[in-house]
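Per full-length UniProt numbering, residue 1 is the first one in the sequence shown, and the count goes up by one each step.
Structure first, commentary second.
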Amino acid sequence: MWLQIASPRAFQDSPELAWGFYGHRLSLYRETVPHAGFELLKRWGKKTINGLSVFTSNVDGQFQKAGFDPALVYDCHGSIHHLQCLAPCREDVWSAEDFLPDVDQDSCRLRNAPPMCPHCGALARPNVLMFGDWAWIERRSASQADRQEKWLSQVSRPVVIELGAGTAIPSVRHFSHRVIHEFGGRLIRINPGEWEVPTRLDVGLPMGAANGLVSIAKILGDEWCSPATGGGDG
Ligand SMILES: [Zn+2]
1 MWLQIASPRA FQDSPELAWG FYGHRLSLYR ETVPHAGFEL LKRWGKKTIN GLSVFTSNVD
61 GQFQKAGFDP ALVYDCHGSI HHLQCLAPCR EDVWSAEDFL PDVDQDSCRL RNAPPMCPHC
121 GALARPNVLM FGDWAWIERR SASQADRQEK WLSQVSRPVV IELGAGTAIP SVRHFSHRVI
181 HEFGGRLIRI NPGEWEVPTR LDVGLPMGAA NGLVSIAKIL GDEWCSPATG GGDG
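Here's what the structure looks like:
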C-alpha cells in the first residue's frame with residue numbers, strides 16, 4: 001500500500017488519495033515539535049571551529065524547524081515542504097507553505113483542492129524522491145549537496161553523529177562511511193537496533209536519537225551544552 005501511494009503513478013491515477021497520504025504527513029510535520037536532541041546538536045555546532053552540516057534522508061524538514069540554518073542542511077531525498085510540477089513542465093521547486101491540506105482521516109482522501117503548478121496548471125506533487133520516481137526534480141537537493149561538499153573540503157577531523165539510520169535505506173550510512181574514508185572522520189552511530197560500527201575507533205550507542213544525544217551531553221558537560229552566547233556559527 002505504502003509503496004503504491006508513495007509514487008508519481010499514484011498522483012496520476014488517484015490524486016486525492018496520493019495527496020491524502022502526503023497531505024496528512026505534511027500537516028503532521030508542520031505540527032511536530034523537534035526533540036531536545038536538535039538543540040544539543042545546534043549548540044555543539046556552534047562550539048566547533050567549522051560548525052556543522054546536516055545530511056538527512058528524512059523529508060520532514062525537522063532540522064529547519066528546529067532552527068538550523070537552511071544553508072547547512074542537505075535533504076538528500078527532498079522535502080515534503082516543497083512542491084514541483086507532476087509532469088514536470090520545468091525544473092522548478094517551490095514552497096508548499098500556501099497549501100493547507102484538508103484530509104479525511106477515514107478514507108485518507110484530500111477534500112480540498114490539491115496544489116497546482118503555477119506554470120502549466122498541472123497537478124503539483126511533493127518534491128520528495130518516491131518509489132519508481134524518474135521525475136523527481138533534484139535541483140534544490142543538488143545545490144544543497146554542492147554546498148555540503150564545499151564545507152567538507154574545508155574541515156579537518158570531522159565527527160559524524162549518525163541518528164537512527166538503518167540499513168534498509170542506506171543513503172545516510174553511505175554518507176557516514178564516506179566521511180570516515182575520504183575525510184578521516186570518526187563515527188558515533190546512535191541506533192537502537194543496528195548500532196555496530198565499522199572500526200574500533202568508532203562508537204555505537206544502542207539507543208534512540210534523543211536519549212543518545214542527551215547521554216553524550218552528560219559526558220561533555222555544561223561547557224559544551226549550555227546555550228551559546230554571542231558568536232556566529234564558529
Ligand atoms: Zn507544470
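Every residue, glycine too, gets a C-beta built ideally from N, C-alpha and C.
Check	Outcome
Beta-carbon proximity list for W151, same chain, < 6 angstroms, skipping 5 on both sides	S53
Member of G67, E31 and L40 whose CA lies at the smallest distance from the CA of N211	L40
6 angstroms Cβ shell around A209 - same chain, five flanking residues per side excluded	G37, L163, G164 and I190
Coil, strand or helix - V59 by DSSP	coil
Nearest neighbour of S27, chosen from V59, P101 and V214 [CA to CA]	P101
Contacting residues, own chain, Cβ-Cβ under 6 angstroms from V172 (five flanking each side not counted)	S57 and A165
Burial state of S215, where buried means 16 or more other Cβ atoms lie within 10 Å	exposed
For A124, the first and last residue of its enclosing beta strand (DSSP E)	A124 to V128
Sequence ranges, beta strand (DSSP E) only - wholly within the region 110-185, length at least 3	124-128 and 159-163
Own chain, CB closer than 8 angstroms to V159, minus 5 neighbours either side, in chain order	G185, R186, L187 and I188
Burial state of C120 (16 or more Cβ within 10 Å)	exposed
Close-in-space but distant-in-sequence residues of the same chain around S176 (CB under 7 angstroms, 5 per side omitted)	V160, E162 and L187
Beta-carbon proximity list for F63, same chain, < 6 angstroms, skipping 5 on both sides	V54 and V73
Secondary structure of H82, DSSP reduced to three states	strand
Reference D202, options R157, P88 and C89, closest by Cα	R157
Buried versus exposed, by CB contacts within 10 Å (16 or more), G221	exposed
heavy atom of ligand 1 below 8 angstroms from H82 C-beta	no
Spatial neighbours of G230 in its chain, beta-carbon cut-off 6 angstroms, leaving aside the 5 residues before and after	The pLDDT assigned to G230 is 43, lower than 50, so where the model puts this residue is not dependable; a value taken from the coordinates is nonetheless given after this. Excluding residues within five positions, none has a Cβ falling inside 6 angstroms.
Cα-Cα separation between P170 and R178, rounded to whole angstroms	12 angstroms
Exposure label - I219; buried when at least 16 CB within 10 Å	exposed
Any non-hydrogen atom of ligand 1 closer than 8 angstroms to R140 Cβ	no
Touch test, the region 6-16 against the region 87-102, Cβ-Cβ under 8 angstroms, three pairs minimum	no
Nearest-angstrom Cα separation, counted from E149 out to I180	14 angstroms
Straight-line gap, A96 to R25 (C-alpha atoms, nearest Å)	13 angstroms
Environment of V33 [buried if 16+ CB atoms lie within 10 Å]	exposed
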